[in-house]
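Take a look at the structure below.
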Amino acid sequence: MRGAMLPPDLNEKSALFLDFDGVLVEIAARPDAVEVPAGLPAMLARLHGALNGAVALISGRHVADLQKFLPDLQAVMAGSHGAEIALGGEIQPAFRIDLNVAAIHAAAHDLAKDQHALLIEEKPHGVVMHYRADPGLEDFVRSAMSDLQARFPGTKLQPAKMAVELLPEGSGKDGALSRLMADPPFAGRVPVYAGDDLTDEPAMTEAIARGGVAIKIGEGDSVAQYRMSGPKQLALWLDSQFRG
Ligand SMILES: [Mg+2]
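Under the working numbering, think of the first position of the sequence shown as 195, with each following residue one higher.
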């Protein structure tokens, strides 16, 4: 990793893909407590214009949640790790999903019922088992989620920070990037992807495979060619783009 170097400047052939938490906003103690920096909406709007619309947020959050934090942003929003997408504000499933999600939620609660430190987060297309309250439960969680995945074909597992998520096969931030790159305004451009979490690594790998650039935000191993210390450094760099 060329940690000390800044990424190449964006140009009119770039497509910009940005994770939200830990990338555009600092991680907060609770997901609903994040604060959108004052200059962020205007900066994203300026880049959206300069790139002819080729700007997408790619997040594990629901799209509706992203829209709450950035209500006026015209950029594409891919949420729930690519399972849903909003183009022009209207939220749609990104691809056909045929899962009994209520049964998945019930099975996850059942697996965790004797472990009171675990938190089960129900998602519209899957479930997350969090072990932040007791990191010693990592092995238990990995094993329980493997069992859950085996019981529900058409799903896959995604490790995250102090959590394991079960989500539809075909989802993931890499799937979202690939689907977006197939159509205008993204098609034919060079992807630039910034992310901070394990869930961003497959999308970074995909961006690099397409001749693009991956930027890891914060600490930790990464496939990315570039690294920035946190959302503030990324914002400074983004703000410096297309200034002539
Ligand atoms: Mg993140």
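Positions of the beta carbon are idealized from the N, C-alpha and C atoms, including for glycine.
Test item: CB-CB of residue i and residue j under 8 Å
i           : j           : result
residue 303 : residue 313 : no
residue 419 : residue 204 : no
residue 352 : residue 342 : no
residue 222 : residue 257 : no
residue 390 : residue 213 : yes
residue 334 : residue 298 : no
residue 383 : residue 262 : no
residue 318 : residue 365 : no
residue 367 : residue 393 : yes
residue 247 : residue 379 : yes
residue 322 : residue 315 : yes
residue 189 : residue 344 : Absent from the model: residue 189. The displayed extent of the chain is 195 to 438, so no value can be given.
Residue i classed as buried or exposed, judged by whether at least 16 other C-beta atoms fall within 10 angstroms
i           : result
residue 196 : Confidence is the limiting factor: at residue 196 the pLDDT is only 49, short of 50, which leaves the residue's position unreliable, though a coordinate-based value still follows. By the neighbour-count rule (16 or more Cβ atoms within 10 Å), residue 196 is not buried but exposed.
residue 426 : exposed
residue 410 : buried
residue 266 : exposed
residue 277 : buried
residue 439 : Because the chain spans 195 through 438 in this model, residue 439 falls outside it and cannot be assessed.
residue 288 : buried
residue 230 : exposed
residue 403 : exposed
residue 415 : exposed
residue 282 : exposed
residue 359 : buried
residue 438 : exposed
residue 405 : exposed
residue 422 : buried
residue 413 : exposed
Rounded distance between the beta-carbons of residue j and residue i, thought under 8 Å
i           : j           : result
residue 245 : residue 210 : 6 Å
residue 226 : residue 253 : With a Cβ gap of about 14 Å, residue 226 and residue 253 do not count as contacting.
residue 238 : residue 269 : 6 Å
residue 311 : residue 327 : 4 Å
residue 187 : residue 374 : Because the chain is modelled from 195 through 438, residue 187 falls outside the range shown and cannot be assessed.
residue 428 : residue 217 : 6 Å
Residues near residue i by beta carbon distance below 8 Å, same chain, minus five either side
i           : result
residue 201 : 386, 407, 409, 419, 420, 431
residue 340 : 351
residue 363 : 348, 349, 350
residue 286 : 278, 279, 280
residue 255 : 214, 215, 225, 273, 274
residue 354 : 254, 322, 391, 392, 393
Near ligand 3: residue i beta-carbon under 7 Å from a heavy atom
i           : result
residue 335 : Of the ligands one can find in the structure shown, namely ligand 1, none is ligand 3.
Contact with chain D by residue i, beta-carbon distance below 8 Å
i           : result
residue 210 : This model lacks chain D altogether, as it is built from one protein chain only.
Nonlocal neighbours in the same chain, by C-beta distance under 6 Å from residue i, ignoring five residues either side
i           : result
residue 307 : none
residue 433 : 237
residue 228 : 219, 222
residue 398 : 387, 408, 417, 418
residue 369 : 276
residue 284 : none
residue 242 : 249, 268, 269
residue 291 : 319, 362
Cβ shell of residue i (< 7 Å), same chain only, five flanking positions each side left out
i           : result
residue 356 : 324, 325, 326, 329
residue 388 : 212, 213, 217, 409, 411, 428
residue 372 : 400
residue 309 : 331, 334
residue 381 : 375
| query | Where are the alpha helix (DSSP H) runs, 4 residues long or more, that stay fully inside the region 329 to 414, in chain order? | reply | 332 to 345, 367 to 375, 395 to 403
| field | alpha helix (DSSP H) segments (min. 4 residues) lying fully within the region 218 to 300 | value | 234 to 244, 257 to 263
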